[in-house]
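S.K.:
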Amino acid sequence: MDPALQRHAEAARGFMPPDEGLALHDAALLVPDGGSPMLEIGSYCGKSAIYLGAAARARHTVLFALDHHRGSEENQPGWEWHEPDLVDPEVGRIDTLPRFRRTVHDAGLEPHVIALVGDSPTVGRHWRTPLALLFIDGGHGAEPAHRDYDTWVPWVEPGGLLLIHDVFPDPADGGRPPYELYLRALDSGSFAEERAVGSLRVLRRATRP
Ligand code: SAH
Ligand code: MG
26 MDPALQRHAE
36 AARGFMPPDE
46 GLALHDAALL
56 VPDGGSPMLE
66 IGSYCGKSAI
76 YLGAAARARH
86 TVLFALDHHR
96 GSEENQPGWE
106 WHEPDLVDPE
116 VGRIDTLPRF
126 RRTVHDAGLE
136 PHVIALVGDS
146 PTVGRHWRTP
156 LALLFIDGGH
166 GAEPAHRDYD
176 TWVPWVEPGG
186 LLLIHDVFPD
196 PADGGRPPYE
206 LYLRALDSGS
216 FAEERAVGSL
226 RVLRRATRP
C-alpha cells in the first residue's frame with residue numbers, strides 16, 4: 026500500500042486494526058481494472074474507506090461508502106463503542122459525516138471515495154449496479170446484519186468479492202451476526218473463502234452459478 030495512504034489510514038479514527046486494514050486493501054486490489062465499483066456498508070469516520078479507496082484508485086474504479094452517519098446501536102450513548110465527541114451538540118445525535126469527509130479529503134481520495142449518506146436498506150432498495158467488491162461492516166445486530174446481506178449480496182457480480190468484518194467463530198470474542206453472514210455465504214454454495222485475517226473474511230463469488 027502507498028505508505029502515505031497507509032499512514033492516513035492508521036491515523037484515522039475507527040474500528041479497523043492495521044493488519045486487517047492491509048488485508049482489506051490487498052483484497053480490493055484483486056478487482057478488475059476499470060471495472061464495476063466497490064461498496065462498503067459502514068464507513069464511520071472513514072478508516073476502512075482509505076484502505077479500500079486506495080485500492081479503488083489503483084484499479085481505476087470507485088468506492089461507494091454507505092453510512093447514515095448516525096452510528097450503530099453499539100455506538101449510542103451508554104453502549105460499549107460510544108465516542109461522546111462525535112455527538113453533534115445542537116442536534117443531540119452522533120454525526121460522523123464531518124469526520125469522514127475530513128479523513129477522505131486529507132488522504133486525497135475524494136475522486137475515488139463517494140459518500141452515500143443514508144439508511145442501507147433504503148438505498149439498497151433503489152440500487153441497480155453490480156459490484157466488484159462488497160464490504161459489510163454496518164449494523165452488527167442480527168436484524169440489520171442479515172438485512173444488509175439480503176439487500177446487497179445479490180449485487181456482488183460473478184467473480185466478485187464479498188468481505189465481512191467482525192467475524193468471530195468463538196462467541197467469547199464477539200457478537201454472532203457477522204459470523205452468521207459468513208456461514209450464510211459459504212452455505213449458499215456461491216462463495217468460497219479466499220483469506221482470513223483477524224476478524225476479516227474474504228470470499229469470492231463463483232464465476233458460474
Ligand atoms: N468501517 C468502519 C467502522 C464501521 S462502524 C471503520 O473502518 O472504522 C458501523 C457503521 O455502520 C456506523 O458508522 C453506523 O452509522 C453504520 N450503520 C449502522 N446501521 C446502518 C444503516 N442501517 N444504514 C447505514 N449505515 C449504518
Ligand atoms: Mg467492524
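Quick note, the working numbering runs 25 ahead of the 1-based positions in the sequence shown. Even glycine gets a Cβ: it sits at the ideal position worked out from N, Cα and C.
Quick check on this structure: which residue in Ser-97, Ala-81 and Thr-86 has the alpha carbon closest to the alpha carbon of Ser-68?
M.R.: In the sequence shown, counting from the first residue as 1, residue 68 sits at position 43. Considering only alpha carbons, the answer is Ser-97.
S.K.: Residue ranges of each alpha helix (DSSP H) run of no fewer than 4 residues wholly in the region 89-174, ordered along the chain?
M.R.: 122-131 and 145-150
S.K.: Pick helix, strand or coil for Gly-78, following the three-state DSSP scheme.
M.R.: As a first step, residue 78 must be located in the sequence shown, where it is residue number 53. Reduced to three states, the DSSP call for Gly-78 is helix.
S.K.: Roughly how many whole angstroms lie between the Cα atoms of Arg-201 and His-171?
M.R.: In the sequence shown, counting from the first residue as 1, residue 201 sits at position 176. In the sequence shown, counting from the first residue as 1, residue 171 sits at position 146. Cα-Cα distance, rounded: 11 Å.
S.K.: Quick check: what's the CA-CA separation for Ile-139 versus Leu-158?
M.R.: For the purposes of this step, residue 139 is taken as the residue at position 114 of the sequence shown. For the purposes of this step, residue 158 is taken as the residue at position 133 of the sequence shown. Between Ile-139 and Leu-158, the alpha-carbon positions lie close to 15 Å from each other.
S.K.: Using 8 Å as the Cβ pair cut-off and three pairs as the minimum, do the region 104-114 and the region 41-53 touch?
M.R.: Contact annotation: the region 104-114 does not touch the region 41-53, with fewer than three C-beta pairs closer than 8 Å.
S.K.: Got a list of residues with beta-carbon closer than 5 Å to any non-hydrogen atom of the ligand SAH, in chain order?
M.R.: Gly-39, Phe-40, Met-41, Gly-67, Tyr-69, Lys-72, Ser-73, Asp-92, His-93, Gly-96, Ser-97, Asp-144, Ser-145, Asp-162, Gly-163 and Gly-164
S.K.: Identify, in the order they occur along the chain, each residue of the same chain with its Cβ nearer than 6 Å to the Cβ of Gly-184, setting aside the five sequence neighbours on each side.
M.R.: Against the sequence shown, residue 184 aligns to sequence position 159. Excluding residues within five positions, the ones whose Cβ falls inside 6 Å are Thr-232.
S.K.: Starting from Leu-30, follow the alpha helix (DSSP H) in both directions and report where the run begins and ends.
M.R.: On the sequence shown, position 5 is the one that residue 30 refers to. Unbroken alpha helix (DSSP H) run through Leu-30: 28-36.
S.K.: Report yes if the CB atom of Val-227 is closer than 7 Å to the CB atom of Ala-52, and no otherwise.
M.R.: In the sequence shown, residue 227 corresponds to position 202, counting from 1. In the sequence shown, residue 52 corresponds to position 27, counting from 1. Yes, they are a contact pair.
S.K.: For Asp-144, I'd like the list of residues in its chain whose CB is within less than 7 Å of its CB, leaving aside the five on either flank, ordered along the chain.
M.R.: The residue given as residue 144 occupies position 119 in the sequence shown. Counting only Cβ-Cβ distances below 7 Å, and skipping sequence neighbours, we find His-93.
S.K.: Could you check the C-alpha separation between Ala-79 and Asp-198 for me, to the nearest Å?
M.R.: Taking the first residue of the sequence shown as 1, we reach residue 79 at position 54. Taking the first residue of the sequence shown as 1, we reach residue 198 at position 173. In a straight line, the C-alpha of Ala-79 is about 30 Å away from that of Asp-198.
S.K.: Near Met-41, what residues of its chain come up, given a Cβ to Cβ distance below 6 Å and the 5 sequence neighbours on each side ignored?
M.R.: Translated into positions along the sequence shown, residue 41 becomes position 16. Take Met-41, set aside five residues on each side of it, and the residues of its chain with a beta-carbon closer than 6 Å to its own are Lys-72 and Ser-73, in chain order.
S.K.: Under three-state DSSP, which class holds Pro-43?
M.R.: In the sequence shown, the residue the question calls residue 43 occupies position 18. Correct three-state label for Pro-43: helix.
S.K.: Looking at the secondary structure, which residues open and close the alpha helix (DSSP H) in which Arg-209 lies?
M.R.: As a working mapping, residue 209 is identified with position 184 in the sequence shown. Segment 202-212, the alpha helix (DSSP H) holding Arg-209.
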